[in-house]
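**Q** Just passing along the structure, written as structure tokens.
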């Protein structure tokens, strides 16, 4: 990787919903160590931008590059394992929280890696959860618990770029602070960046070092 | 051909129609509101079957392979279209997918039975080809309808799970194969169920027909076994084909779930 090359470079990204441009010409870069806050009035399509960056929806116009290569050049599974979205509505797969965390390692892309229970215990402690959290049934988690599960599920896969869509929307103040602190720790590791949306402007100020206003691209 | 069964006259048909009249009467008395649809369905059945009787009578005198194949193709096309007509959702190309799957499955299975198993001479003899193809088509059609419908429904209701897996780095196959598996399983349920209880709960129609027509029951049973294997194989191949084609359409090469291609049937 060349020095100062951005991790994620977004150029001229545009999205249309039946004739109307939702946003047009979105360009920005994420460099290592960056955490950028994505702000905009609700209904401007922050979630759709996040989905577009993870290529869950096809790109209509513009380009996204991770370390200089397009998602197709990486291969989508590889790209998504590096640029990972954690959606606002966290979805549990079958089984317990532990199953949710371990079964992703069955995916072909992670076949060289193993589930690491030690790091998980550390994280659970930081988030004020008992180890019993792992035995809860995924389908019965509250909204907040599901968000924690989904965040841990993503973090343990060590992506380089995290796309966090309202990561603490369903959490109480204390847990929110713990999640923010965990994210700050996670970002300390070299070569990582994140893009975060939040309805809480104070949180954007606390966690991110720069803001991107999607309202400017309408 | 010598017949050792009792031929049925039009008068006797009318007598049988009395059975339906009993149903219509019951519906009227109990105000079930079924009378009209019962009558229409009964009338359609009678007209369609009488017509097909004439067509078959004519067809069985043909020995031109092209004419017989053309009829077989029309039957296959109707099956392919009907299979889609009963699904709740559609996408562009779904009719082609269904046609292709029905055609490939039924041609393979019926062709093998004609040439390899029963060894009909000539292989396109309509007395064998048309009824056997018809039975294979009818069941393949049901299987394809069920499998296709379940696959599209499964992707729609399980969209979050599928996309969660994709977002975590799953390939489209890793993310969608539970839905593929489930769709094929559901499509095969009627075929497997009917094989399970065949002869115990149901006496299959074709075998009953042959026995009524004076065939040796052991021979009739053997035909029935062959046809059931054909039906099972045809349904499985057809469902497999149509679900895989739909999978390739609805999960893009860029590993995206393209539910935007789906629309509700009118």
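Protein chains in written order, with the working numbering: chain A, 1 to 218; chain B, 1001 to 1266.
Glycine residues also receive a C-beta, built at the ideal position from the N, C-alpha and C atoms.
Computed from a prediction, not measured in an experiment: that's the story for all the values here.
Answer yes or no: does any C-beta atom of chain B fall closer than 9 angstroms to that of residue 154 (chain A)?
**A** Chain B contact via Cβ: present.
**Q** Determine contact between the stretch 78 to 92 of chain A and the stretch 146 to 157 of chain A, defined as no fewer than three beta-carbon pairs at a distance below 8 angstroms.
**A** yes
**Q** To the nearest angstrom, how far is it from the Cα of residue 1138 (chain B) to the Cα of residue 81 (chain A)?
**A** Cα to Cα, residue 1138 (chain B) sits roughly 45 angstroms from residue 81 (chain A).
**Q** Does the stretch 1245 to 1257 of chain B come close enough to the stretch 1084 to 1098 of chain B to have 3 or more Cβ pairs within less than 8 angstroms?
**A** yes
**Q** Kindly indicate which residue of A:188, A:57, A:68 has the alpha-carbon position closest to the one of residue 1250 (chain B).
**A** Of A:188, A:57, A:68, the residue nearest in Cα terms is A:57.
**Q** My output table needs one value for residue 96 (chain A): the three-state DSSP class, helix, strand or coil.
**A** strand
**Q** Between the alpha carbons of residue 136 (chain A) and residue 101 (chain A), how many angstroms are there, rounded?
**A** 12 angstroms
**Q** For the stretch 1157 to 1171 of chain B and the stretch 1101 to 1111 of chain B, state whether three or more C-beta atom pairs, one from each stretch, are separated by less than 8 angstroms.
**A** no
**Q** At the level of alpha carbons, what is the spacing between residue 1228 (chain B) and residue 1222 (chain B)?
**A** 10 angstroms
**Q** In whole angstroms, give me the CA-to-CA distance for residue 24 (chain A) and residue 1182 (chain B).
**A** 41 angstroms
**Q** Is DSSP giving residue 7 (chain A) helix, strand or coil here?
**A** coil
**Q** Just confirm the distance between the C-beta atoms of residue 10 (chain A) and residue 53 (chain A), as a whole number of angstroms; I'd bet it's less than 8 angstroms.
**A** 7 angstroms
**Q** Please report how far the alpha carbon of residue 211 (chain A) lies from the alpha carbon of residue 36 (chain A), in whole angstroms.
**A** So the two alpha carbons sit approximately 6 angstroms from each other.
**Q** By Cβ distance below 7 angstroms, which residues in the same chain neighbour residue 1024 (chain B) in space, the five residues on each side in sequence not counted?
**A** Result list for residue 1024 (chain B): 1035, 1038, 1039, in chain order.
**Q** Comparing the C-beta of residue 1179 (chain B) with each C-beta of chain C, is any distance below 9 angstroms?
**A** No chain C appears in the structure shown, which is made up of the protein chains A and B.
**Q** Output, in sequence order along the chain, the residues in the stretch 77 to 96 of chain A whose CB is closer than 9 angstroms to any CB in chain B.
**A** 77, 78, 79, 80, 81, 82, 84, 85, 86, 87, 89, 90, 91, 92, 93, 94
**Q** Around the C-beta of residue 1217 (chain B), are 16 or more other C-beta atoms found within 10 angstroms, so that it is buried, or is it exposed?
**A** exposed
**Q** Note down, in chain order, each residue of its chain lying with its Cβ closer than 8 angstroms to the Cβ of residue 1263 (chain B), except the 5 sequence neighbours on either side.
**A** 1089, 1090, 1091, listed in sequence order.
**Q** List, in order along the chain, the chain B residues whose C-beta lies closer than 7 angstroms to that of residue 109 (chain A)?
**A** Within 7 angstroms of the CB of residue 109 (chain A), the CB atoms of chain B belong to 1169, in sequence order along the chain.
**Q** What residues in the stretch 42 to 59 of chain A have a beta carbon less than 8 angstroms from any beta carbon of chain B?
**A** Residues passing the 8 angstroms Cβ filter: 54, 55, 56, 57, 58.
**Q** How do the stretch 1185 to 1195 of chain B and the stretch 1140 to 1156 of chain B stand: do at least 3 beta-carbon pairs fall below 8 angstroms, yes or no?
**A** They touch, by the three-pair rule.
**Q** Taking 9 angstroms as the CB-CB limit, is residue 1255 (chain B) close to chain A?
**A** At least one CB atom of chain A sits nearer than 9 angstroms to the CB of residue 1255 (chain B).
**Q** Helix, strand or coil: which one does DSSP assign to residue 64 (chain A)?
**A** strand
**Q** Can you give the Cα-Cα distance for residue 1 (chain A) and residue 163 (chain A), rounded to whole angstroms?
**A** Its pLDDT being 49, under 50, residue 1 (chain A) is placed unreliably by the model, and nothing is read from it.
**Q** Can you find a C-beta in chain A that's less than 9 angstroms from the C-beta of residue 1161 (chain B)?
**A** yes
**Q** Looking only at its own chain, which residues have a Cβ that is under 8 angstroms from the Cβ of residue 1212 (chain B), when we skip the five neighbours before and after it?
**A** 1005
**Q** At what residue ranges does the stretch 1101 to 1174 of chain B contain a whole run of the alpha helix (DSSP H), taking only runs of 4 or more?
**A** For the stretch 1101 to 1174 of chain B, the continuous alpha helix (DSSP H) assignments of 4+ residues that do not extend past its boundaries occur at 1126 to 1157, 1159 to 1167, in sequence order.
**Q** Helix, strand or coil for residue 91 (chain A) per DSSP?
**A** Under the three-state reduction of DSSP output, residue 91 (chain A) falls in the coil class, being neither helix nor strand.
**Q** What residues match up with residue 28 (chain A) in a beta bridge as DSSP calls it?
**A** A:10
**Q** When the Cβ atoms of the stretch 105 to 114 of chain A are set against those of the stretch 1190 to 1208 of chain B, are three or more pairs found closer than 8 angstroms?
**A** no
**Q** Would you mind listing the alpha helix (DSSP H) stretches within the stretch 133 to 184 of chain A that are 4+ residues and don't spill past its ends, in chain order?
**A** Runs of the alpha helix (DSSP H) inside the stretch 133 to 184 of chain A: 143 to 155.
**Q** Please compile the residues from chain A whose C-beta is within a distance smaller than 7 angstroms of the C-beta of residue 1174 (chain B).
**A** 107, 108
**Q** Quick check on this structure: which residue in A:193, A:166, A:141, A:17 has the alpha carbon closest to the alpha carbon of residue 29 (chain A)?
**A** That would be A:193, whose Cα lies nearest to the Cα of residue 29 (chain A).
**Q** Suppose contacts are defined by Cβ-Cβ distances below 9 angstroms. Is residue 66 (chain A) in contact with residue 83 (chain A) by that definition?
**A** yes
**Q** Can you give the beta carbon distance from residue 1075 (chain B) to residue 1133 (chain B), rounded, assuming they're within the 8 angstroms contact cut?
**A** 6 angstroms
**Q** Mind pulling the chain B residues with CB within less than 9 angstroms of residue 104 (chain A)?
**A** 1165, 1168, 1169, 1170
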